[in-house]
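Novice: Got a structure here, written out as structure tokens. Questions coming.
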Amino acid sequence: MIDLVALKDFLVLCELRSFSRASERCHVSVSGLSRRIQGLEQWLGGPLFDRRRAALQPTDAGLRLQAVATDVVYALEGLRKSLRTEARDRQLRIRFCAPHIMSAVFFPDWIPRLHSDFRDAKFSVESDNLAECMALLDEGTADYAVALFDDSGAVTRRLGRPADGAELRSLELGRECLVPVSAPNAAGRPRYDLAQSGGGAISFLGYADECHLGWSLHPFLDRWGLDLRQNHNASLTDGLRLMALSGLGVAWLPRSLVRGDLDARKLVRAGDAGFDVPLRLLLVRRAAGLSTQAERLWHYLTALALPGGGS
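Spelled out as structure tokens, the structure:
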């Protein structure tokens, strides 16, 4: 079997035309270099150099091998460099997957705060619906999933699995809630007021079936028994926000998403805190080991979550 080291030494010998000088550059004895060249000659079945001259001259077979070996060595060295770079990158990279809403309410603030303690880390975030995010987690193409889970377990039941167990582990990063909002009327009151639902069906802006926020919301709607008429829905939370701003109905949206709209009175609460849906912000991972930086992040956040860890 051909030896890559022997090929590289052969190319050096083709360049320098001297066993003594080539052996110095290749950090091998003259006899060792000679044995490597002889091995190539035996493999090819003929001489690679004309040794009868004072300066070595490649034979026709030697010139043909030189052309091929140059391409082969260049390609293999490039492949090795690429694979090593990818391996180093993998150890430094922390791969998140999350529903689209998290790109608006979580990552823009969280990643910059992490960066001061993880300057060598490379962060990547892929957005999809929660079911697809969990599939990426199972495949090992993501290190962490970040999503909002309700306390009653509606999301985990819909997924058909707990967020913490034998296969998955989770860490609570914070709290969020869905708040009912509506565009204001001329008097500054909610155009769609849940406290006055007895006056007829209220236009309701719902989440598309694949959106996990809707999974948390619907058990509460069933409990409240409100007279709601769903004429519009959207798969992206910001789409519901735009519908609410346009006065199309009441929507339950993450408080952090609409905080600015509420402060500016572009949106107003359509109901009191009794209509809020509490959520937990969870970081979910596989129980199996992760890359160096991804594991470091887990231990870092776990320490912060301990009493006094954030002080």
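This note's numbering puts the first residue of the sequence shown at -15, with every later residue one more than the last.
Cβ atoms here follow ideal geometry from the backbone N, Cα and C, with glycine treated the same way.
#1: Alpha carbon to alpha carbon, what distance is there between Val14 and Arg298?
#2: Would you verify that the beta carbon of Ser111 is, or is not, closer than 9 Å to some beta carbon of chain B?
#3: For my contact list, Pro83 and His196 are in at a C-beta cut-off of 8 Å; report their separation, rounded to the angstrom.
#4: Please state the DSSP three-state secondary structure of Leu40.
#5: Verify whether the separation of the beta carbon atoms of Trp94 and Leu155 is less than 9 Å.
#6: Based on the DSSP secondary-structure assignment, which residues constitute the bridge partners of Ile21?
#7: Hey, how far is the Cα of Gly62 from the Cα of Val261?
#8: Give the secondary structure of Leu265 by DSSP, where H, G and I count as helix, E and B as strand, and everything else as coil.
#9: Spatial neighbours of Ser295 within its chain, please: C-beta separation below 6 Å, excluding the five flanking residues on both sides.
#10: Figure out for me which residue from Leu220, Ser219, Ala179 has the closest Cα to the Cα of Gly209.
#11: Leaving out five residues before and five after Leu152 in sequence, what residues of the same chain have Cβ atoms less than 8 Å from its Cβ?
#12: Three or more C-beta pairs closer than 8 Å, one from the region 74 to 89 and one from the region 0 to 9: is that the case here?
#13: Which one or two residues does DSSP pair with Gln235 in a beta bridge?
#14: Bridge partners for Pro174 per DSSP, in chain order?
#15: Report buried or exposed for Trp236, applying the criterion of at least 16 other Cβ atoms within 10 angstroms of its Cβ.
#16: Select from Gly46, Thr125, Pro42, Gly16 the residue whose C-alpha is nearest the C-alpha of Ser275.
#17: With H, G and I counted as helix, E and B as strand and the rest as coil, what does DSSP make of Ser7?
#18: Nearest to Leu266 by CA position, among Leu24, Leu(-3), Met118, is which residue?
#19: Tell me which same chain residues have a C-beta within less than 8 Å of the C-beta of Gly198, skipping the five on either side of it?
#20: Between Asp211 and Leu251, what straight-line distance do the alpha-carbon atoms span, to the nearest angstrom?
#21: Using beta-carbon positions only, say whether Pro164 and Ala254 come within less than 9 Å of one another.
#22: Please report the straight-line C-alpha distance between Ala53 and Arg35, rounded to a whole angstrom.
#23: Whole angstroms are fine: how far does the CA of Leu132 sit from the CA of Ala138?
#24: Grab the span of the beta strand (DSSP E) containing Ala82 for me, first residue to last.
#25: Helix or strand or just coil, what does DSSP make of Glu(-1)?
#26: Between the beta-carbon of Leu(-3) and the beta-carbon of Leu40, is there less than 9 Å?
#27: Find the nearest neighbour of Ala51 within the set Leu(-5), Arg207, Phe102, judged by alpha-carbon distance.
Specialist: Once the coordinates are examined:
#1: Since the first residue shown for the chain is -15 and the last is 295, residue 298 is missing from the structure and cannot be characterised.
#2: Considering every chain present, this structure includes no chain B. It has just one protein chain.
#3: 6 Å
#4: coil
#5: no
#6: Note: Ile21 sits in no beta bridge, so no partner.
#7: 54 Å
#8: strand
#9: Confidence at Ser295 is low in this model, with a pLDDT of 42, below 50, so its placement is unreliable and no value can be given for it.
#10: Ala179
#11: Leu121, Arg145, Pro146, Val268, Arg269, Arg270, Ala271
#12: no
#13: Correcting the residue identity first, residue 235 is Ala in this sequence and not Gln. Its beta-bridge partners are Val165, Leu189.
#14: Pro168
#15: buried
#16: Thr125
#17: helix
#18: Met118
#19: Gly190, Tyr191, Ala192
#20: 21 Å
#21: yes
#22: 21 Å
#23: 11 Å
#24: 77 to 82
#25: helix
#26: yes
#27: Leu(-5)
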